[in-house]
Amino acid sequence: MLKLRYPICLIVLSLCVIRVQSQQADVYYVRDYGAKGDGLSDNTAAFQKALDAAGQAHGGTVIANRGNYFFAGHLNVPDAVTLQGTWKSVPSHPIGFNGADQPKAMDEGTTFLITENEGRENGNPFIQLNNNSTLCGVVLFYPRQKKTNTPAAYPYSIATRGENSAVLDVELLNAYNGIDVSDSPRHLLRNISGQPLRRGIYMENIFDIGRIENVHFNPWWSGTETAAYKWQMENGEAFIFGRSDWEYVLNTFCYGYKVGYKFFQSDRGVCNGNFLGIGADNCYTAVLVEQSANFGLLIANGEFTSFNGPDPTMVVVGPDNRGVVRFSNCSFWGPCNQIAKIAGMGTVGFSDCTFCKWDRTDEGRAALQVASGTVLIRGCEFQQDKAQIDLGVNVQRAVISDNVIKGKFRIKNSSPQPFQIHDNTAQP
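Taking numbering that gives the first Met the number 0, the leading residue of the sequence shown gets 0, the next gets one more, and so forth.
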């Protein structure tokens, strides 16, 4: 019986080796293909070889170990391939870098140093994702970008161009353009942070439900007293939505942009969707709706603040809008010039919302200024003793009811239409 122990052990060991080999069969390490994380060597060819090997095998995971990987070119992630760094949760690199443009702690995980197409905004994106491909666990950093200057233009850091593509646990530390989500149904963007300077997430031509979750844009890289940040405040747009059919957006936030959330009409159409727990702080305009779908932009549990810029306003609905915009259980504060400026022929509703501060220079501005269209204002609280609502001559329909108002009830109505204004409660 003792003689049988060694063959049995060998058999077990062989089975373990076979099992480990099978587990590693679909894993590719970029360093096995010549990549170097020294911050100096160009890794474009080595990474692409590893990605192509996984693609030729009909899928797999390409591992980039800890290091600073320099790139002079761009990458294409094939179908069913994941490019994986070391981060299991999105990192952050807060300000306090002793005035330097490059954080001191960049050697903690997997960082990609991007240099291609400086000054060429319409060039190739740094990383393109395709059908069922994923990018996760990395920091994207532009070492030539200077916080003391007007930002240099670059193409999008990431572009999704296939079904079910995903970006997970990624930091866009100082990207000029962040993520271009186009022609990418059922995409998933989750746990993304950083400071995209010109555009954060741009979405267009989505005909099946996509998801954006836990995205946080904040001026960690530049700080708030630099030329780069000033430029961002005057030009930046954090979230931009063109045609998207029932987008789901959950727990997103941006700070320090010209526009926080922008909705526009493209050649393919407009956006409708569910926006829950979204926020925009210190944006010239928190929400800008140039056009929306009749199905509606449903915005709930949002928090919006504007107090800088030429005309700080939380909500602007443009004159071309024909769709529906609904705010529910949202809070708006400032001090701003006005909470909302509403035009167009669509429907805009506020229900169970809180309006904290407006008319910051005491000019007599109303919190809600409605030039035209339909407005529904129900169950809201106006916390200042200032003008609440101004209804213009071209307003077609209005229901204003069950609101709580501090001070005198002040609604200016210039429209000849009969409106429903009732059951509002004023208090000292």
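A virtual CB, placed ideally from N, CA and C, is assigned to each residue, including glycine.
These numbers were taken from a predicted model, which means no experiment stands behind them.
field: Residue burial classification, R197 (beta-carbon count within 10 angstroms, cutoff 16)
entry: Mapped onto the sequence shown, residue 197 falls at position 198. Within a 10 Å sphere around the beta-carbon of R197 sit 16 or more other beta-carbons, which makes this residue buried.
- request: Can you give me the Cβ contacts of G33 inside the same chain, cut-off strictly under 7 Å, excluding the 5 residues immediately before and after it?
  value: Along the sequence shown, one-based indexing puts residue 33 at 34. Cβ contact annotation for G33 (same chain, cutoff 7 Å, sequence separation greater than five): A45, in chain order.
message: With H, G and I counted as helix, E and B as strand and the rest as coil, what does DSSP make of D384?
response: Here residue 384 is taken as the residue at index 385 of the sequence shown, counted from 1. Looking at D384 - three-state DSSP - the assignment turns out to be coil, as it is neither helix nor strand.
query: Quick one: is H57 buried, meaning 16 or more other Cβ sit within 10 Å of its Cβ, or exposed?
result: The residue labelled residue 57 in the question sits at position 58 within the sequence shown. It counts as exposed.
query: If you follow the beta strand (DSSP E) that F216 is part of, which residue opens it and which one closes it?
result: Reading the sequence shown from its first residue, position 217 is the one you call residue 216. First-last of the beta strand (DSSP E) with F216: 210–216.
task: Measure the beta-carbon distance from G301 to R325 and round it to whole angstroms, keeping in mind my assumption that it falls under 8 Å.
output: In the sequence shown, the residue the question calls residue 301 occupies position 302. In the sequence shown, the residue the question calls residue 325 occupies position 326. Not quite, the Cβ-Cβ distance comes to about 11 Å (not below 8 Å), so this is no contact.
task: Under 7 Å Cβ to Cβ from R431, same chain only, skipping five residues before and after it: list those, please.
output: Within the shown structure, residues of the chain are numbered from 0 to 427, placing residue 431 beyond reach of any answer.
- prompt: Just the Cα atoms here: how many angstroms apart are L367 and T304?
  reply: To locate residue 367, count along the sequence shown from 1; it is residue 368. To locate residue 304, count along the sequence shown from 1; it is residue 305. Distance from the CA atom of L367 to the CA atom of T304, rounded to whole angstroms, is 15 Å.
query: Rounded to a whole number of angstroms, what is the C-alpha to C-alpha distance between A370 and P415?
result: Residue numbering aside, residue 370 sits at position 371 when the sequence shown is read from its first letter. Residue numbering aside, residue 415 sits at position 416 when the sequence shown is read from its first letter. Looking at the two C-alpha atoms, the distance is approximately 13 Å.
- request: Could you check what DSSP says for V29 in three-state terms: helix, strand or coil?
  value: Position 30 of the sequence shown, counted from the first residue, corresponds to residue 29. Assigned with DSSP and collapsed to three states, V29 falls in helix.
query: So what does S243 bridge to, in DSSP terms?
result: Start at 1 with the first residue of the sequence shown, and residue 243 comes out as number 244. Partner(s): I205, C270.
- prompt: Under the three-state reduction of DSSP, which class applies to D310: helix, strand or coil?
  reply: On the sequence shown, residue 310 is found 311 positions in, with the first residue counted as 1. In the three-state reduction of the DSSP assignment, D310 falls in the coil class.
task: From the DSSP output, in three-state form, read off I410 for me.
output: In the sequence shown, the residue the question calls residue 410 occupies position 411. Of the three classes helix, strand and coil, the one that applies to I410 here is strand, per DSSP.
message: Does the beta-carbon of E236, which I'm using as the reference point, lie nearer than 7 Å to any heavy atom of the ligand NAD?
response: Among the components of this structure there are no ligands whatsoever, and the ligand NAD is therefore not found.
query: In this structure, what does DSSP give as the bridge partners for N332?
result: Reading the sequence shown from its first residue, position 333 is the one you call residue 332. In the sequence as displayed, the identity of residue 332 is Trp instead of Asn. Answer is T304.
task: Please report how far the alpha carbon of T147 lies from the alpha carbon of Y228, in whole angstroms.
output: Taking the first residue of the sequence shown as 1, we reach residue 147 at position 148. Taking the first residue of the sequence shown as 1, we reach residue 228 at position 229. If I take the Cα positions, the gap works out to 9 Å.
Neighbourhood of L375 by C-beta distance below 6 Å, restricted to the same chain and skipping five residues each side: In the sequence shown, residue 375 corresponds to position 376, counting from 1. The residues are G348, V398.
query: Leaving out five residues before and five after P417 in sequence, what residues of the same chain have Cβ atoms less than 8 Å from its Cβ?
result: In the sequence shown, counting from the first residue as 1, residue 417 sits at position 418. Around P417: no qualifying Cβ.
field: Whole-angstrom distance between Y283 and P309, CA atom to CA atom
entry: The residue labelled residue 309 in the question sits at position 310 within the sequence shown. The residue labelled residue 283 in the question sits at position 284 within the sequence shown. Going by C-alpha positions, P309 is about 8 Å away from Y283.
DSSP three-state assignment for L196, whether helix, strand or coil: In the sequence shown, counting from the first residue as 1, residue 196 sits at position 197. The answer is coil: DSSP assigns L196 none of H, G, I, E or B.
- request: Find out if the Cβ-Cβ distance for the pair E380, V394 is shorter than 8 Å.
  value: Sequence index remark: in the sequence shown, residue 380 carries index 381 (1-based). Sequence index remark: in the sequence shown, residue 394 carries index 395 (1-based). For E380 and V394, no; Cβs fall outside 8 Å.
- prompt: What residue from G255, L249, F69, L39 has the CA that sits closest to G276's CA?
  reply: Stepping through the sequence shown from its first residue, residue 276 is reached at position 277. With distances taken between CA atoms, G276 lies nearest to L249 out of G255, L249, F69, L39.
message: Can you give me the C-alpha to C-alpha distance between G317 and Y260, rounded to a whole angstrom?
response: Within the sequence shown, numbered from 1, the residue matching residue 317 stands at position 318. Within the sequence shown, numbered from 1, the residue matching residue 260 stands at position 261. In this structure, the alpha-carbon of G317 lies about 14 Å from that of Y260.
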